[in-house]
Amino acid sequence: MEFLLTVAELGLTLLVIVFSVVVLEAWRRRHSNVSVESETTTLEDPTSLKQVPCPHISDPAEKYLSLIVPAFNEEQRLPAALQETMDYLQGRASRDKSFSYEVVIVDDGSVDGTKRVAFDFVRKYTLDKIRVIPLGKNQGKGEAIRKGMMHSRGELLLMLDADGATRVTDLEKLENQILAVAREENSIRDPTSKHVDFRIGDVQVSAFGSRAHLEEKAIATRKWYRNFLMKGFHLVVLLAAGSGLRDTQCGFKMFTRAAARRLFTNIHLKRWCFDVELVFLCKRFNIPMLEISVKWSEIPGSKVSMLSIPNMLWELALMSVGYRTGMWKIHQA
1 MEFLLTVAEL GLTLLVIVFS VVVLEAWRRR HSNVSVESET TTLEDPTSLK QVPCPHISDP
61 AEKYLSLIVP AFNEEQRLPA ALQETMDYLQ GRASRDKSFS YEVVIVDDGS VDGTKRVAFD
121 FVRKYTLDKI RVIPLGKNQG KGEAIRKGMM HSRGELLLML DADGATRVTD LEKLENQILA
181 VAREENSIRD PTSKHVDFRI GDVQVSAFGS RAHLEEKAIA TRKWYRNFLM KGFHLVVLLA
241 AGSGLRDTQC GFKMFTRAAA RRLFTNIHLK RWCFDVELVF LCKRFNIPML EISVKWSEIP
301 GSKVSMLSIP NMLWELALMS VGYRTGMWKI HQA
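So that you can map any letter, position 323 of the sequence shown is 323 in full-length UniProt numbering, and since no number is skipped, the others follow by simple counting.
Pasting the structure below:
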């Protein structure tokens, strides 16, 4: 009995220590969502070597579509994915003269040739079509995407991974659904407005690419312990952010400019679980969330490993404590 009491005391002590560490870290990050706004960011033109000021999400849109690509040590996978993306965008622009776009590559502190590869594409397609934002040191996928979103020019903003796992053509699925919902939201907000006055970027809508329809096949091919861990992670996500989406982690998400401005000025998490925070914030702001099935392929070289699970749980714990205690304030953008 004495032994059991000792074990219980140790367990309770450990629990208190862990909770205290989470609370302290959540407190330390209470202002992490404002860092992007306070920074003066410039873009380097690799042709002229001049520094060009970045636009800001609060500025009026200059393009119809922005594609934000976070890249960390993607020298090998980025060229093929980026070329496929540019082929699609150029083809669409040639068919539709009103279609304008940009690709924003955020180099998340890569130590390989990622920046060189990205700049080669800038030289090929011009700075107006492709822009590179270097973070200097690795800050995490969430921070890289947030930086790209905050300094994009589009009415619609799409985040997509650098590995090309999701077909870029599937963006039209998200785009069409957003257009339909945005028109409906706009007519409800202002029944007297005319169609010609409608700007999609002014209506808050989000669309989340989803691989949930592929889950049954994935379960059949994955190791049992990976399925166990993923089910556990989904349960924790449900507890942290609530229900709403079957797949929160697919790296293919689109936002209207108004939605992106509100969401990415509030994001605190910098790494893997920023997706879950996006879901949480969409619910807090009553931003419509559309879950849309997309094609997805396993690409060798994934950065996600079994060690990512503890990091994800850590970030989910920070998010839960930060918001539930009121330490993480939500700003109206």
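A virtual CB, placed ideally from N, CA and C, is assigned to each residue, including glycine.
Taking the C-alpha atoms as reference points, what is the distance between residue i and residue j?
i    : j    : result
L313 : G322 : 14 Å
E277 : T169 : 26 Å
A144 : K253 : 14 Å
L14  : D120 : 52 Å
I105 : G113 : 14 Å
V22  : A80  : 41 Å
K97  : K137 : 39 Å
V36  : K63  : Unreliable placement is indicated for V36, whose pLDDT of 46 sits below 50; the coordinate value is still reported in the next sentence. Between V36 and K63, the C-alpha separation is close to 21 Å.
V122 : T325 : 45 Å
V18  : P191 : 52 Å
V132 : H151 : 11 Å
I188 : L281 : 22 Å
N311 : K147 : 21 Å
G201 : A180 : 13 Å
G164 : L171 : 13 Å
D45  : Q139 : 23 Å
A93  : S320 : 43 Å
L89  : N33  : 32 Å
S38  : T6   : At S38 the pLDDT is 47, less than 50, meaning the model places this residue with poor confidence; the figure from the coordinates comes in the next sentence. Using only the alpha carbons, I get a separation of about 50 Å.
S20  : W296 : 40 Å
Which term fits residue i, buried or exposed, when burial requires 16 or more other beta carbons within 10 angstroms of its beta carbon?
i    : result
Q83  : exposed
N176 : exposed
S110 : buried
L12  : exposed
T166 : buried
G154 : buried
A331 : As written in the sequence, residue 331 is His, which differs from the Ala given in the question. Exposed, by the Cβ-count rule.
S210 : buried
R95  : exposed
S100 : buried
D247 : buried
T126 : exposed
E9   : exposed
R222 : Because the pLDDT of R222 is 49, which lies under 50, any placement of that residue in the model is unreliable, and the question is left without a value.
V16  : exposed
L78  : buried
Throw me the rounded Cβ distance for the residue i and residue j pair, which I believe falls under 8 Å.
i    : j    : result
L245 : V279 : 6 Å
F208 : I57  : Contact doesn't hold; Cβ gap of about 19 Å is too wide.
V294 : K173 : 7 Å
W328 : K141 : Not confirmed; about 19 Å, so no contact.
A61  : R257 : 5 Å
With DSSP as the reference, please indicate the residues paired to residue i in a beta bridge.
i    : result
Q332 : According to DSSP, Q332 bridges with nothing at all.
M159 : I68 and K253
Q76  : Q76 pairs with nothing; no bridge assigned.
M327 : None, per the DSSP bridge assignment.
L43  : V52
A207 : M254 and L290
D107 : A71 and P134
T102 : With the sequence shown as reference, residue 102 is identified as Glu, and Thr is not the correct amino acid for it. According to DSSP, which records beta bridges pairwise, E102 is partnered with S66.
S166 : The question names Ser, but residue 166 in the sequence shown is Thr. DSSP, once it has assigned bridges, lists W296 as partnering T166.
G154 : K63
For residue i, I'd like the list of residues in its chain whose CB is within less than 6 Å of its CB, leaving aside the five on either flank, ordered along the chain.
i    : result
Y225 : Any reading at Y225 is ruled out, since the residue's pLDDT is 49, under 50, leaving its predicted position unreliable.
I287 : Q204, S206 and A259
G251 : D161
L157 : S66, M149, F255 and A260
T85  : V168
Which same chain residues, not among the five before or five after residue i, have their C-beta less than 8 Å away from its C-beta?
i    : result
H31  : none
T42  : Q51, V52, P53 and C54
R284 : I330
L318 : V22, E25, A26, R29, H268 and L269
I want to check one thing, is the minimum distance from the CB of residue i to the heavy atoms of the ligand FAD below 7 Å?
i    : result
R183 : Of the ligands one can find in the structure shown there are none, so the ligand FAD has no counterpart to examine.
Only counting the same chain, and skipping five residues up and downstream in sequence, which positions put a Cβ closer than 7 Å to that of residue i?
i    : result
P134 : D107 and K115
E75  : D112, G113, T114 and V117
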